[in-house]
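Trainee:
Protein chains in written order, with our numbering: chain A, 41 to 340; chain B, 24 to 293; chain C, 1221 to 1580; chain D, 3 to 404.
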């Protein structure tokens, strides 16, 4: 650590101390458990044995085990869909809302405030509310959609393997939209108005202004929003537990829930840890994207 | 005219979005039979409620108090530890800080449900389980801190570098410059991030469930989960509990939202 | 002059970010009360140099003295320097009075003393009625004044200016230029002033330092730089409009330069250079005359621009990479395609080595 | 009643406020249902023994296994834990539980020979007793008399075979009124397995004989019920309690459920109802039902095994209250239930109990359970053919034996 510190320019001593403290905390309380998980994924584990790091080494056997399971392919595809679709809709809807509420109209600020209310709800509560909304026989969602003529027969959102994953995604999008709107609003507000005026004088229409100014100026904000959103989506657990628990028949199973089921329900800790380690690789990629997006963010 | 068209659109969108919340409140006042009706009723026909009963039977006062304590503790420590770090990672930009940001993100890669077993074991060894609420605070910070750093960092980036330079030249030490000049300018971002952290930890479930071994320290989320059991699923009770749980935060949020939203949008310094 | 009378003394200063050298072997001395301008194109390192003096950037080689004391490792707050930033860097959360008194408050000066110095400076700068305002309520010019005031209040050893006028409109800039100059006369404060505008440098400074790519190209009094540029870069950078250059070769008689390819032309230099040496000749637009006698350069009119008081004519001359610009007082009638003769005195011709670009 | 509650409150405050004396601390986990059995018992026990400092923690039923596992692993467990009965083997095999055999030998309260063999089997591993069943429960068929009559069925003749169950369900189903013929739970965890096992056992198959064609027949029967919408498609995500709720609210005419729902049914149902035995596959064929209920065990790490066992004895001694107060069948032959409530249901459940079969024992029961529920769900959602799905599950179950 000392050697590392000495490589920093000395004039930033104060800042290094500040950052160092937080990093140390995270390394200790998050880094070690993480490492523990990785170690477990290469070992043969019997959970009942006292906590020790010295267990029989298993090489890649746990990973082979995980991939050889019949549900592995489905879990992979579900996870990608869950993260990808959640992000896509969260960002797009969040962006549209942020732009809507940036316009000047009565009650705009107030309504935006109301919107954020969705985000302060605990995931568990959101889960139970959506479970009620999604109920096939008496759920209000089916009723509304039928009344609007969108549906002709009830959808059993949580029990139909064709829908269960999308039901979970819908609830997750609902949960994530306010956060996206929040961050994107801040980014949008930071774009100088004269840029739009200049573009308007140059004859750009609204659509061209969006592609020519808004999007490029929002690049770093979008980078942050997407990568944070991806990480939050990969952490989503309460919602899954409340809604489908990965079912029916693994149709809505995603990596984080599978890993938990393996580790703590059927006590196949080695396999569970292997799935968790694979997830970390995914997060690693997202983190790289985020860090890249933070470069050149200062325009001053 | 255009303003009113926009307002109507916004009203519709907001109403659609808030519908689940409405449904929660409406269910509180329905009877079980009415809840199972199809087509469902959009307004309770014979309003009844069990607010008081649920609140008392479920020992919610105690649970909410514990949730509040834990959320305050988590927010406090996160602010204390995270603000400086967020500033440092915004101020100094080189490959080391890039690496640090990277580490911060990766360190919270796994959901709490997977981290809890090693944390439980370690906390047991450290004797932290003797002070269960404190243990939950310590564990939750591993989740809230990265989130807070990333959010807060963005507001520090917005503070022009030259202000710090000016303060340093004016005779401030780096610490004085931070507290006297930079911190006040980032205060909106800090406030908003802090509120988000507070709400996040108020709704935390996994760590509280596993690290608190004595019910008198248990939190409201865990109390809610007790409703969903093998032999009993009381939807009305669940919704009543949820409503009691989230209403105080919703009210607090309503009161603060003007400030939050204003702070957010006016955050960009020119 | 001994060191003590030098407020700032920079010796062999260098600065690198990793492998990238941004400042190389800089040597500058600033005597007390002197107004020094650092000038150069953007990216030349002038702002970095200023920031090293302030202590905002660490130097990686050489020494930096303020009042004879080596300050290489001294943090900014101990150097007793004041700085005016390009963006003014007014603290947005403090009113004008608080902005101006910040440094004094940090020094824990007596409140009464602070009040008095603020009042005095505000009076001088005409800010008296703005003290309660917040920075965002001020116009650009007013903010600029506050930034100056904030520096003056401290009565520092050295004033540092980082392009303080570049955000103002043209008229205000001319006005503030004069005002800063007046202030300097009154306060006799040692000042280092960074600008990319050579007119600012020439009109305000006692001593001008021209930087390019992290190195000092030339330094000296403004007129000395104008009259005797050490190399083609300085010659081209100082003076407005910029000096014209023509590529040529010293003639066999060593007294003249031949240029212009097929339409062979020549100018007398009034001094001897080695025959056959490839050179650049430099002609200042304001030295070229349309009427006169003696030697001349001939060219075809490319464009004519008149401001009323001045007429600028661009002529195409073989051997000149850019059209030759002539600045002529009053109005001139000339049309595109006309062939004109430009008269010039031999002593006003600058000659630079083709390869080293050093003045000959 | 009031006195009892206030006494309870007093004990509660006492327990929470006074400083802990380790020697007499009894730490108990309790699942919050039905009717708070374990916690109630613990409070009563503590009242009888003022020297004992009681600490109760409620644990969600679904997280019981992993919480207990974590507690064992870290050595930071309570003294007494509830265990869902098929999982006793797992904890015992991992050496987490105190062998109660020597204590039972000396006990004047618990006579092992009196405990019904099914619950006892579920509480034992390798011939040793590791847990005391707090009671027993099993599944039977609740049905709505009024609906039976309205559909022209005789309430005195509940279905006696799968075909009759199917036919009755079909008659009772009324899509216009949102009424399904039958409610049950095929949710993707232990609850769904608990409901499914009686069906395969009625065919001669069992959890360790899933390759028997009967298992596929049972799955296909469930599939048919769902395909024809005689049971809600949400059966796949309904817990047993949600299934009961649809029955209580007249959205289902029949419901396969356990005695723990009796109180809720009595309170909520606005119609006449009865309980019948689960029908065998063919009329007069093998009857089977599930055997459920929690047991209580003492962890090996318990600081106070004497007090812990005394608590188990106390709970066992209160078994006469099982039915009337907690909707549980008694664990032993010598239990006397005075004036049983719901006499018709009492009789039926007791009869059904004779056909109840223990799950396992298998020390990897959660894995077995997961394999079965995945197989059932993939059949019900037409993702796999019944035979193939059951064979796949069979292989997984076989693998746990080695």
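A virtual CB, placed ideally from N, CA and C, is assigned to each residue, including glycine. Here the structure is a predicted model, which is why all the values come from computation and not from measurement.
Under 8 Å, CB to CB, which of the residues in the stretch 275-300 of chain A have a partner in chain D?
Mentor: 284, 285, 286, 287, 288, 289, 290 and 291
Trainee: Looking only at its own chain, which residues have a Cβ that is under 7 Å from the Cβ of residue 265 of chain B, when we skip the five neighbours before and after it?
Mentor: Closer than 7 Å at the Cβ level, and outside the excluded window around residue 265 of chain B, lie 47 and 247.
Trainee: In chain order, what residues of the same chain have a beta carbon less than 8 Å from the beta carbon of residue 128 of chain B, not counting five sequence neighbours either side?
Mentor: 169 and 173
Trainee: Looking at the C-beta of residue 41 of chain B, does it have a partner C-beta in chain A at a distance below 8 Å?
Mentor: yes
Trainee: Under 8 Å Cβ-Cβ, which residues of chain C neighbour residue 183 of chain B?
Mentor: 1307 and 1309
Trainee: Using a cut-off of 8 Å between C-beta atoms, extract the partners of residue 147 of chain B located in chain D.
Mentor: 76, 77 and 78
Trainee: Where does residue 114 of chain B sit, in a helix, a strand or coil, going by DSSP?
Mentor: helix
Trainee: Applying the 10 Å Cβ sphere with the 16-neighbour rule, what's the burial state of residue 55 of chain A?
Mentor: When all chains shown are included, residue 55 of chain A counts as buried.
Trainee: Please check if any C-beta of chain B sits within less than 8 Å of the C-beta of residue 389 of chain D.
Mentor: no
Trainee: Considering only heavy atoms of the ligand SAH, does any lie closer than 7 Å to the CB of residue 176 of chain D?
Mentor: In the structure on display, the ligand SAH does not appear, and there are no ligands present to speak of.
Trainee: Got a sec: is the Cβ-Cβ distance from residue 293 of chain B to anything in chain D below 8 Å?
Mentor: Any answer about residue 293 of chain B is weak, because its pLDDT of 28 lies below 50 and its placement is not dependable; what the coordinates show is given next. Residue 293 of chain B does not count as touching chain D.
Trainee: Please list the segments of the beta strand (DSSP E) lying wholly inside the stretch 270-333 of chain A, counting only runs of 3 or more residues, in order along the chain.
Mentor: none
Trainee: For residue 1481 of chain C, I'd like the list of residues in its chain whose CB is within less than 8 Å of its CB, leaving aside the five on either flank, ordered along the chain.
Mentor: 1538 and 1539
Trainee: Which residues in the same chain as residue 248 of chain D place their Cβ atom closer than 8 Å to its Cβ, once the five residues preceding and following it in sequence are excluded?
Mentor: 182, 185, 234, 240, 254 and 257
Trainee: Would the stretch 320-328 of chain D count as touching the stretch 103-123 of chain D if we require 3 or more Cβ pairs under 8 Å?
Mentor: Counting Cβ pairs under 8 Å, fewer than three are found: no touch.
Trainee: In this structure, does DSSP put residue 1488 of chain C in helix, strand or coil?
Mentor: strand
Trainee: Under the rule that 16 or more other beta-carbon atoms within 10 Å means buried, what is residue 1317 of chain C, buried or exposed?
Mentor: buried
Trainee: Does the stretch 50-69 of chain B come close enough to the stretch 80-100 of chain B to have 3 or more Cβ pairs within less than 8 Å?
Mentor: no
Trainee: Check distances from the C-beta atoms of the stretch 135-165 of chain D to those of chain B and list, in chain order, the residues that come in under 7 Å.
Mentor: Here the close residues number zero.
Trainee: Chain A beta carbons: is any one of them nearer than 8 Å to that of residue 380 of chain D?
Mentor: Judged by the 8 Å Cβ criterion, residue 380 of chain D is in contact with chain A.
Trainee: Are residue 1341 of chain C and residue 1354 of chain C closer than 8 Å when you measure CB to CB?
Mentor: no
Trainee: Skipping 5 residues on each side, what residues in its chain have a beta carbon closer than 7 Å to that of residue 67 of chain D?
Mentor: 89 and 368
Trainee: Could you tell me the alpha carbon to alpha carbon distance between residue 1232 of chain C and residue 1243 of chain C, rounded to whole angstroms?
Mentor: 10 Å
Trainee: For residue 1384 of chain C, which of helix, strand or coil comes out of DSSP?
Mentor: The answer is coil: DSSP assigns residue 1384 of chain C none of H, G, I, E or B.
Trainee: Any C-beta of chain B sitting closer than 8 Å to the C-beta of residue 1276 of chain C?
Mentor: yes
Trainee: List, in chain order, every chain D residue whose beta-carbon is nearer than 7 Å to that of residue 306 of chain A.
Mentor: Those within 7 Å of residue 306 of chain A in chain D are 368, 369 and 372.
Trainee: Does the distance from the CB of residue 228 of chain A to the CB of residue 172 of chain A come in under 8 Å?
Mentor: Against a cut-off of 8 Å, the Cβ pair of residue 172 of chain A and residue 228 of chain A comes out as no contact.
Trainee: Could you compute how far the alpha carbon of residue 1570 of chain C sits from the alpha carbon of residue 1549 of chain C?
Mentor: 22 Å
Trainee: Which class does residue 267 of chain A belong to by DSSP, given the choice of helix, strand or coil?
Mentor: helix
Trainee: Give me whichever residues DSSP pairs with residue 224 of chain D in a beta bridge.
Mentor: Within the DSSP secondary-structure output, residue 224 of chain D pairs in no beta bridge.
Trainee: Which residue wins for smallest C-alpha separation from residue 98 of chain D, given the options D/115, D/116, D/111 and D/78?
Mentor: D/78
Trainee: Quick check: is the beta carbon of residue 163 of chain A nearer than 8 Å to any beta carbon in chain D?
Mentor: No, residue 163 of chain A lies away from the interface with chain D (no Cβ there is under 8 Å from its Cβ).
Trainee: Classify residue 1397 of chain C as helix, strand or coil using the three-state DSSP reduction.
Mentor: helix
Trainee: Where residue 176 of chain B and residue 275 of chain B are concerned, what is the direct C-alpha to C-alpha distance, given to the nearest angstrom?
Mentor: 25 Å
Trainee: Just to confirm, are residue 159 of chain D and residue 232 of chain D a CB contact at a threshold of 8 Å?
Mentor: no
Trainee: I'd like the list of long-range same chain contacts for residue 1463 of chain C, defined as Cβ closer than 6 Å, with 5 residues on each side in sequence excluded.
Mentor: The answer, listed in chain order, is 1455, 1456, 1502 and 1504.
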